[in-house]
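Chemist: Numbering (our numbering), first residue to last: 7 to 466. Idealized CB from N, CA, C, for every residue including glycine. Take a look at the following structure, please.
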């Protein structure tokens, strides 16, 4: 099971991945939306452009009252204009011409334009002369909308299952129009129909779909291109996190050692000796002095020293600063003021430039050791007094028959100073052999014994 820092890293990486995906997706769909919106604006502008072109042509034709064209199979005389004088004329050369009204001219032009470019155009009305101009259902709705005051109807529809954008605007009766349509009861300013344009969208949608596919490709590549970058930074952060976790574990181990160590440890900044204060200490150091850790923080170190030892400790601290390490014995004070002996092991920590950073002290209460030393000295003195009080010549011999512990009586008999007898060979060779022979006979009882207690009887 992963530890919490790694879970946090994985969640962060997942969040970054989700965020990056969300940013890419948002930007992608926004760009697609913009592309679709631009397409919509484009086709609307396109259909309006076609409408304006047709209107310009119609206005031109209306301004001339129509145009005479040669009579042909495609353009026979218009029966709907039979009421107009000079509908048909003959040129001086005998060529027959017939009058084409603006609507008829526009109708033919729209048919040819549709055959060439696929854009459909129509002039229609709820009252029409030519059955070919009868409105379909969509055009009827648009014409009724014009009667309600609408100035334009534009809508995406389908014609024979193909997508189109259809536009229709009302055709307002003008004076030029009444020449042909007055008999229908129209007056100038009346809405006599509508002019419509149907723009096929297949080519536009295909071009837009190509652009959208390119947008998809760019964003997918961009998303994929960031994966190695994310992976690189993730592995780098993972490596750093492992190092941090390892360092934290090591620090925790040292913290546990620091906290649970049974000897006193204190840490301070490497200030001047006179202002040397305690910044950190373990519980053992505080308990040793009868304080809590909080009570000792920032307390001057010299305040814990017996006054008779303060000058010596100051000198020892200077020595530690110079040499980097020093061990000395001193006497500290408990909270109630009672002194106790300590051994102080102090180390000065320096940075790479040699500047002092910290002082680390290892302080041990040596009261037990001092008491043991006192008892040893006391026992030794008592034993020596007892040994010296014996009225016999008793001394210790080593395996070479050297004297190790003569009594004062033996020293006086031999008329030599007691200290001079230590290590001396006080037996002649024959006596020495006797002693060693005696020892050899009892070797089973004296294995691994290096000293022998010898008592001498004096014969006169």
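Which value, in whole angstroms, describes the spacing of the CA atoms of residue 230 and residue 24?
Modeler: The residue labelled residue 230 in the question sits at position 224 within the chain shown. The residue labelled residue 24 in the question sits at position 18 within the chain shown. Distance between the alpha carbons of residue 230 and residue 24: 13 Å.
Chemist: If the criterion is Cβ atoms closer than 8 Å, does the pair residue 173 and residue 57 meet it?
Modeler: Within the chain shown, residue 173 is the residue found at index 167, counting from 1. Within the chain shown, residue 57 is the residue found at index 51, counting from 1. For residue 173 and residue 57, yes; Cβs fall inside 8 Å.
Chemist: Residues in the same chain with beta-carbon distance under 6 Å from residue 81, minus the five sequence neighbours each way, listed in chain order, please.
Modeler: Along the chain shown, read from residue 1 onward, the residue named residue 81 stands at position 75. Cβ neighbours of residue 81 beyond the five flanking positions: 75.
Chemist: Pick helix, strand or coil for residue 374, following the three-state DSSP scheme.
Modeler: In the chain shown, the residue the question calls residue 374 occupies position 368. Correct three-state label for residue 374: helix.
Chemist: So within the segment 263-314, which uninterrupted alpha helix (DSSP H) runs reach at least 4 residues, ignoring any that extend past its ends?
Modeler: Runs of the alpha helix (DSSP H) inside the segment 263-314: 289-295, 299-302.
Chemist: Start and end of the beta strand (DSSP E) containing residue 130?
Modeler: Position 124 of the chain shown holds residue 130. It spans 126-130 - the beta strand (DSSP E) in which residue 130 sits, taken as one unbroken run.
Chemist: Just the Cα atoms here: how many angstroms apart are residue 125 and residue 51?
Modeler: Here residue 125 is taken as the residue at index 119 of the chain shown, counted from 1. Here residue 51 is taken as the residue at index 45 of the chain shown, counted from 1. Answer to the nearest angstrom: the Cα atoms are 14 Å apart.
Chemist: Using only the alpha-carbon positions, how far apart do residue 68 and residue 107 sit?
Modeler: On the chain shown, position 62 is the one that residue 68 refers to. On the chain shown, position 101 is the one that residue 107 refers to. Taking the straight line from one Cα to the other gives about 8 Å.
Chemist: Do the CB positions of residue 153 and residue 130 come within less than 8 Å of each other?
Modeler: Position 147 of the chain shown, counted from the start, is the residue given in the question as residue 153. Position 124 of the chain shown, counted from the start, is the residue given in the question as residue 130. Their beta carbons are not under 8 Å apart, which means residue 153 does not touch residue 130 by this criterion.
Chemist: For residue 266, count neighbouring Cβ atoms within 10 angstroms of its own Cβ and tell me buried if that reaches 16, exposed if not.
Modeler: The residue you call residue 266 lines up with position 260 of the chain shown. Looking at its Cβ environment, which holds fewer than 16 other Cβ atoms inside 10 Å, residue 266 is exposed.
Chemist: If contacts are defined as beta-carbon pairs under 8 Å, then residue 30 and residue 218 qualify, I think. What distance do you get, rounded to the angstrom?
Modeler: Counting from 1 along the chain shown, the entry for residue 30 is found at position 24. Counting from 1 along the chain shown, the entry for residue 218 is found at position 212. With a Cβ gap of about 15 Å, residue 30 and residue 218 do not count as contacting.
Chemist: Where does the unbroken alpha helix (DSSP H) through residue 77 begin, and where does it stop?
Modeler: For this step, residue 77 is matched to residue 71 along the chain shown. Per DSSP, residue 77 belongs to no alpha helix (DSSP H) and is neither H nor E.
Chemist: Return yes when the Cβ of residue 155 is within less than 8 Å of the Cβ of residue 177, no when it is not.
Modeler: Stepping through the chain shown from its first residue, residue 177 is reached at position 171. Stepping through the chain shown from its first residue, residue 155 is reached at position 149. Not in contact: residue 177 and residue 155 (Cβ atoms no closer than 8 Å).
Chemist: Let me make sure I understand the geometry here. Which of 46, 203, 326 has the alpha-carbon closest to that of residue 210?
Modeler: By one-based count along the chain shown, residue 210 stands at place 204. Looking at the Cα atoms, 46 is the closest of the given residues.
Chemist: Checking 8 Å against the spacing of the C-beta atoms, do residue 272 and residue 369 come in under that value?
Modeler: Locating residue 272 in the chain shown gives position 266, counting from the first residue. Locating residue 369 in the chain shown gives position 363, counting from the first residue. In contact: residue 272 and residue 369 (Cβ atoms closer than 8 Å).
Chemist: Distance check for residue 168 and residue 15, CA to CA, integer angstroms please.
Modeler: Position 9 of the chain shown, counted from the first residue, corresponds to residue 15. Position 162 of the chain shown, counted from the first residue, corresponds to residue 168. Going from the Cα of residue 15 to the Cα of residue 168 covers about 54 Å.
Chemist: Report yes if the C-beta distance between residue 114 and residue 201 is below 8 Å; otherwise report no.
Modeler: Counted from its first residue, the chain shown places residue 114 at position 108. Counted from its first residue, the chain shown places residue 201 at position 195. No, the Cβ-Cβ distance between residue 114 and residue 201 is not below 8 Å.
Chemist: Report the option in 235, 353, 179 whose CA atom is closest to the CA atom of residue 65.
Modeler: Position 59 of the chain shown, counting from 1, holds the residue named residue 65. Residue 179 is the option with its Cα nearest to residue 65.
Chemist: Could you tell me whether the segment 375-395 touches the segment 356-364, using the rule of 3 or more Cβ pairs below 8 Å?
Modeler: No, the segment 375-395 is not in contact with the segment 356-364.
Chemist: Just confirm the distance between the C-beta atoms of residue 326 and residue 352, as a whole number of angstroms; I'd bet it's less than 8 Å.
Modeler: As a working note, residue 326 is residue 320 in the chain shown. As a working note, residue 352 is residue 346 in the chain shown. Sure, about 5 Å apart at Cβ, within 8 Å.
Chemist: Ordered along the chain, which non-local residues of its own chain (more than five positions away) have a Cβ less than 7 Å from that of residue 247?
Modeler: Numbered from 1 along the chain shown, position 241 holds the residue referred to as residue 247. Within the same chain, residue 247 has close Cβ partners 11, 12, 15.
Chemist: Would you report the Cα separation of residue 21 and residue 149, rounded to the nearest angstrom?
Modeler: Taking the first residue of the chain shown as position 1, residue 21 is located at position 15. Taking the first residue of the chain shown as position 1, residue 149 is located at position 143. Their Cα atoms are separated by approximately 56 Å.
Chemist: Using beta carbons (cut-off 8 Å, strictly below), is residue 321 in contact with chain B?
Modeler: Reference to chain B is not applicable here, since this structure consists of a single protein chain.
Chemist: Of the residues 83, 162, 204, 233, which one's Cα is nearest the Cα of residue 127?
Modeler: Taking the first residue of the chain shown as position 1, residue 127 is located at position 121. Nearest option by C-alpha distance: 204.
Chemist: With respect to the alpha helix (DSSP H) encompassing residue 15, which residues constitute its N-terminal and C-terminal limits?
Modeler: Here residue 15 refers to the residue found at position 9 of the chain shown. Counting along the chain, the alpha helix (DSSP H) containing residue 15 begins and ends at 10-69.
Chemist: Just how far apart, CA to CA, sit residue 304 and residue 322?
Modeler: In the chain shown, the residue the question calls residue 304 occupies position 298. In the chain shown, the residue the question calls residue 322 occupies position 316. Looking at the two C-alpha atoms, the distance is approximately 21 Å.
Chemist: Measuring alpha carbon to alpha carbon, tell me which residue in 119, 99, 89 is nearest residue 105.
Modeler: Indexing the chain shown from 1 puts residue 105 at position 99. Closest by alpha carbon: 89.
Chemist: Below 6 Å CB to CB, which residues in the same chain sit around residue 53 once its five sequence neighbours on both sides are set aside?
Modeler: Indexing the chain shown from 1 puts residue 53 at position 47. The answer, listed in chain order, is 171, 173, 203, 205.
Chemist: Could you have a look at residue 90 and say whether DSSP puts it in helix, strand or coil?
Modeler: The residue you call residue 90 lines up with position 84 of the chain shown. Here residue 90 sits in coil by DSSP.
Chemist: Mind checking residue 317: buried by the 16 CB within 10 Å criterion, or exposed?
Modeler: Here residue 317 corresponds to residue number 311 of the chain shown, with the count starting at 1. With fewer than 16 other Cβ atoms within 10 Å, it is exposed.
Chemist: Could you tell me if residue 517 is buried or exposed, where buried requires 16 or more neighbouring beta carbons within 10 angstroms of its beta carbon?
Modeler: With the chain represented from 7 up to 466, any question about residue 517 goes unanswered, as that position is not in the structure.
Chemist: Determine the closest residue to residue 269 out of 295, 49, 97, with distance taken between C-alpha atoms.
Modeler: For the purposes of this step, residue 269 is taken as residue 263 along the chain shown, with counting starting at 1. Answer by Cα proximity: 295.
Chemist: For residue 391, count neighbouring Cβ atoms within 10 angstroms of its own Cβ and tell me buried if that reaches 16, exposed if not.
Modeler: Here residue 391 corresponds to residue number 385 of the chain shown, with the count starting at 1. With fewer than 16 other Cβ atoms within 10 Å, it is exposed.
Chemist: Kindly list the residues whose CB is nearer than 8 Å to the CB of residue 27, restricted to its own chain and excluding five residues on each side of it in sequence; keep chain order.
Modeler: Counting from one through the chain shown, the residue named residue 27 turns up at place 21. Same-chain partners within the cutoff: 229.
Chemist: Give me the residue from 332, 330, 338 with the minimum Cα distance to residue 314.
Modeler: For the purposes of this step, residue 314 is taken as residue 308 along the chain shown, with counting starting at 1. For the residues 332, 330, 338, the minimum Cα distance to residue 314 belongs to 338.
Chemist: Rank 264, 226, 49, 243 by C-alpha distance to the C-alpha of residue 212 and give the top, closest one.
Modeler: Here residue 212 is taken as the residue at index 206 of the chain shown, counted from 1. For the residues 264, 226, 49, 243, the minimum Cα distance to residue 212 belongs to 49.
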